[in-house]
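To keep things clear, I will list the structure first and then write my remarks on it.
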Amino acid sequence: MAVPKIVGIETEYGVALRGAPEPNPVVASSLLINGYVEQRRVGWDFEDESPGRDARGFARDGSQPPEVETHLVNAVLTNGARYYVDHAHPEYSTPECSDPLEATLFDKAGERILARSMDAARRLLPQGQEIVVYKNNSDGKGNSYGCHENYLVDRNVPFAMLVRNLIPWFVTRQIFTGSGKIGSENGADPCEYQITQRADFFEEEVGLETTLKRPIVNTRDEPHADPQKYRRLHVIVGDANMCEVATFLKIGTTAIVLAMIEDGFIDKDLSISTPVAAIRAVSHDPTLRATVDVAALGRCTSIELQWEFLRLARKYADETGLEAPCGNDEIGKMVLDRWENVLTALETYPMTLDGQLDWVTKLNLVKAYVDRDGLKWSDPKLELLSVQYHDVRPGRSLYEKLVRAGKVERLLDEDAVIAAMADPPDSTRAYFRGTCLARWADSVVAANWDSLVLDVGTDPLRRIPMMEPTRGSKEHVAKLFAEVSTPRQLVERLTAS
Amino acid sequence: MPEREQKKKQPPGKREEEVVEEAPATSERGEKLKEDIDDLLDEIDSVLEDNAEEFVRSYVQKGGE
Chain A
104 MAVPKIVGIE
114 TEYGVALRGA
124 PEPNPVVASS
134 LLINGYVEQR
144 RVGWDFEDES
154 PGRDARGFAR
164 DGSQPPEVET
174 HLVNAVLTNG
184 ARYYVDHAHP
194 EYSTPECSDP
204 LEATLFDKAG
214 ERILARSMDA
224 ARRLLPQGQE
234 IVVYKNNSDG
244 KGNSYGCHEN
254 YLVDRNVPFA
264 MLVRNLIPWF
274 VTRQIFTGSG
284 KIGSENGADP
294 CEYQITQRAD
304 FFEEEVGLET
314 TLKRPIVNTR
324 DEPHADPQKY
334 RRLHVIVGDA
344 NMCEVATFLK
354 IGTTAIVLAM
364 IEDGFIDKDL
374 SISTPVAAIR
384 AVSHDPTLRA
394 TVDVAALGRC
404 TSIELQWEFL
414 RLARKYADET
424 GLEAPCGNDE
434 IGKMVLDRWE
444 NVLTALETYP
454 MTLDGQLDWV
464 TKLNLVKAYV
474 DRDGLKWSDP
484 KLELLSVQYH
494 DVRPGRSLYE
504 KLVRAGKVER
514 LLDEDAVIAA
524 MADPPDSTRA
534 YFRGTCLARW
544 ADSVVAANWD
554 SLVLDVGTDP
564 LRRIPMMEPT
574 RGSKEHVAKL
584 FAEVSTPRQL
594 VERLTAS
Chain B
54 MPEREQKKKQ
64 PPGKREEEVV
74 EEAPATSERG
84 EKLKEDIDDL
94 LDEIDSVLED
104 NAEEFVRSYV
114 QKGGE
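Right, dumping it as structure tokens:
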């Protein structure tokens, strides 16, 4: 039986420091985060984890106190997210979420956090300087930065089985996950416009790298959870999305496919030949006619292979339900219906997905300029449109302009997005982490995905392992939080049982 | 749009048919749509960075991940 698909999205934002004589992206990223975190910053605990004695609960492990990092810019937020500097980019990792809609919500909350960070940084900078961030994945000059998805996966599933099924999945899901890009990079064949930002950067089928020779399936094995039970599948092949529908579909459909793989439900060989060439060919063809060679089906288009995945998913939903991949059947049905609508539109009249898929929305915008101004595809104005679409400043973001003009379909309530900047999801251990930070920021010495270190006023510091991502939810710990008023009492209660 | 030479597996005509169904609009509706788009582009013009060439040249990122 598939394990619950606890998911998270990590986004590296593009960053520009305008007006500075020698702009330094690391400094700019640090300013954003420091500016945002007004309360005492909580250091991220880099110490390698060893599993706690009771790997499924919150039992105290009583080990040595960890090294506390104070100089690195690394913040844990009260919504359970991590906000830090990574490779000269500001990076926001959502808290662990238990369904695709929740993941979409916390991903969007990240954009709002970055927007507020820019306002905060403006106050720290000299007159005439400004930091601007972009939620995209490439500078158009061969430099790429990622938007990674993470999914909880059963450790018992052989990795080779994941690889076999995931490669065709990742190659073909691009047709709805792509954010669109003018031209090509990194030695790929020239094109005017392509579906994804990232496809040009993938050079291997499977591997550990993330910064060069990027593989379609990444093998990083760092579960941030009980390693006997779980993997964390680290997906590096996707684009950062602005459209809520695109994020929701990307996460929801991938979670369902993973659940089907775990349950051995994919009953035919969907592996494709020459995946590295295929991922580019699919991305480079916005007419969606590019074909891939599928072992069990022969040559078919991405849409045709996607229909096969959807057919299996509908059958899986009927037989098993979608609680494991999507949190509940209602959201599961939302994913399936959206998926079907999108495939139908893609094979008939893709441009009707304006406002749902980023690559279509951006293409329509660019084409409108081409038509009005008679621009060539090489005109820098089109590249500007393509980048500024992802600008995170509400007043300058072209995506936000389209939202305000009613051109973009929203799935989220904006009040809920604002609340998610501060409040953690109810459904995972992020609730425990975020609540501890909100209540006792001064006592949280360090936090990590799978542990929290509290200073209860006496030595040693107390480490609370959180090896089970579904535990520590509101349902699980709300009563406990209501009954304690200090970190010391919390630790006493956790260790008493 | 980049047109690549691909064998088309779709049943012939399906794509075209659907397009035809979607496309016709009364000229009045067409005018209104065009006005809407023009208004939107004007609005976008007002927030677009001033110098596209300079913007594109200076937007350089370090690789990440």
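Protein sequence lines correspond, in order, to chains A and B.
Residues in the first sequence are numbered consecutively from 104, following this note's numbering.
Residues in the second sequence are numbered consecutively from 54, following this note's numbering.
Note that beta-carbon positions come from the ideal geometry of N, C-alpha and C, so glycine has one too.
Model, not experiment: these values are computed from the prediction.
Residue i and residue j closer than 8 Å at C-beta
{"i": "residue 338 (chain A)", "j": "residue 251 (chain A)", "result": "yes"}
{"i": "residue 537 (chain A)", "j": "residue 138 (chain A)", "result": "no"}
{"i": "residue 570 (chain A)", "j": "residue 553 (chain A)", "result": "yes"}
{"i": "residue 352 (chain A)", "j": "residue 279 (chain A)", "result": "yes"}
{"i": "residue 236 (chain A)", "j": "residue 217 (chain A)", "result": "yes"}
{"i": "residue 318 (chain A)", "j": "residue 307 (chain A)", "result": "yes"}
{"i": "residue 189 (chain A)", "j": "residue 115 (chain A)", "result": "yes"}
{"i": "residue 491 (chain A)", "j": "residue 349 (chain A)", "result": "no"}
{"i": "residue 271 (chain A)", "j": "residue 374 (chain A)", "result": "yes"}
{"i": "residue 532 (chain A)", "j": "residue 199 (chain A)", "result": "yes"}
{"i": "residue 255 (chain A)", "j": "residue 128 (chain A)", "result": "no"}
{"i": "residue 241 (chain A)", "j": "residue 288 (chain A)", "result": "yes"}
{"i": "residue 518 (chain A)", "j": "residue 345 (chain A)", "result": "no"}
{"i": "residue 313 (chain A)", "j": "residue 541 (chain A)", "result": "no"}
{"i": "residue 219 (chain A)", "j": "residue 100 (chain B)", "result": "no"}
{"i": "residue 205 (chain A)", "j": "residue 528 (chain A)", "result": "yes"}
{"i": "residue 301 (chain A)", "j": "residue 340 (chain A)", "result": "yes"}
{"i": "residue 472 (chain A)", "j": "residue 86 (chain B)", "result": "no"}
Residue i - partner residues in DSSP beta bridges
{"i": "residue 285 (chain A)", "result": "A:296"}
{"i": "residue 318 (chain A)", "result": "A:307"}
{"i": "residue 193 (chain A)", "result": "A:188"}
{"i": "residue 494 (chain A)", "result": "A:237"}
{"i": "residue 178 (chain A)", "result": "A:186"}
{"i": "residue 110 (chain A)", "result": "A:200, A:254"}
{"i": "residue 404 (chain A)", "result": "A:394"}
DSSP-derived helix/strand/coil call for residue i
{"i": "residue 574 (chain A)", "result": "coil"}
{"i": "residue 248 (chain A)", "result": "coil"}
{"i": "residue 117 (chain A)", "result": "strand"}
{"i": "residue 255 (chain A)", "result": "strand"}
{"i": "residue 157 (chain A)", "result": "For residue 157 (chain A), the predicted model reports a pLDDT of 31, less than 50, meaning its position is unreliable and no value from the coordinates is stated."}
{"i": "residue 116 (chain B)", "result": "coil"}
{"i": "residue 513 (chain A)", "result": "coil"}
{"i": "residue 313 (chain A)", "result": "coil"}
{"i": "residue 143 (chain A)", "result": "Caution applies to residue 143 (chain A), whose pLDDT of 43 falls short of 50 and renders its modelled position unreliable; the value that the coordinates give is listed next. In the structure shown, residue 143 (chain A) sits in coil (DSSP, three-state: anything other than H, G, I, E or B)."}
{"i": "residue 302 (chain A)", "result": "helix"}
{"i": "residue 104 (chain A)", "result": "coil"}
{"i": "residue 229 (chain A)", "result": "coil"}
{"i": "residue 242 (chain A)", "result": "coil"}
{"i": "residue 485 (chain A)", "result": "helix"}
{"i": "residue 500 (chain A)", "result": "coil"}
{"i": "residue 478 (chain A)", "result": "coil"}
{"i": "residue 599 (chain A)", "result": "helix"}
{"i": "residue 290 (chain A)", "result": "coil"}
{"i": "residue 508 (chain A)", "result": "coil"}
{"i": "residue 608 (chain A)", "result": "Only positions 104 to 600 of chain A appear in this structure, which leaves residue 608 (chain A) out of reach."}
{"i": "residue 149 (chain A)", "result": "At residue 149 (chain A), the pLDDT of 48 sits below 50, so the modelled position is not reliable; the number obtained from the coordinates is stated separately. In the structure shown, residue 149 (chain A) sits in coil (DSSP, three-state: anything other than H, G, I, E or B)."}
{"i": "residue 581 (chain A)", "result": "helix"}
{"i": "residue 59 (chain A)", "result": "Any answer about residue 59 (chain A) is impossible in this case: the structure gives chain A only from 104 up to 600."}
{"i": "residue 440 (chain A)", "result": "helix"}
{"i": "residue 594 (chain A)", "result": "helix"}
The beta strand (DSSP E) enclosing residue i, as first and last residue numbers
{"i": "residue 589 (chain A)", "result": "Where residue 589 (chain A) is concerned, there is no enclosing beta strand (DSSP E), given that its DSSP letter is neither H nor E."}
Where the alpha helix (DSSP H) containing residue i begins and where it ends
{"i": "residue 137 (chain A)", "result": "128-139"}
{"i": "residue 272 (chain A)", "result": "262-280"}
{"i": "residue 428 (chain A)", "result": "426-429"}
{"i": "residue 125 (chain A)", "result": "Unbroken run through residue 125 (chain A): none, as it is neither H nor E."}
{"i": "residue 96 (chain B)", "result": "80-100"}
{"i": "residue 111 (chain B)", "result": "105-111"}
{"i": "residue 71 (chain A)", "result": "Residue coverage of chain A in this structure runs from 104 to 600, which leaves residue 71 (chain A) outside it and unanswerable."}
Exercise for the section: Output the residue ranges of the beta strand (DSSP E) runs that lie fully inside the stretch 325-397 of chain A and measure 3 residues or longer, sorted by chain position. Expected result: 333-338, 394-397
Problem - Start-end ranges of the alpha helix (DSSP H) lying completely within the stretch 518-579 of chain A, minimum 4 residues - result: 533-543
Exercise for the section: Let me know the alpha helix (DSSP H) ranges lying completely inside the stretch 442-476 of chain A, each 4 residues or longer, listed in chain order. Expected result: 461-476
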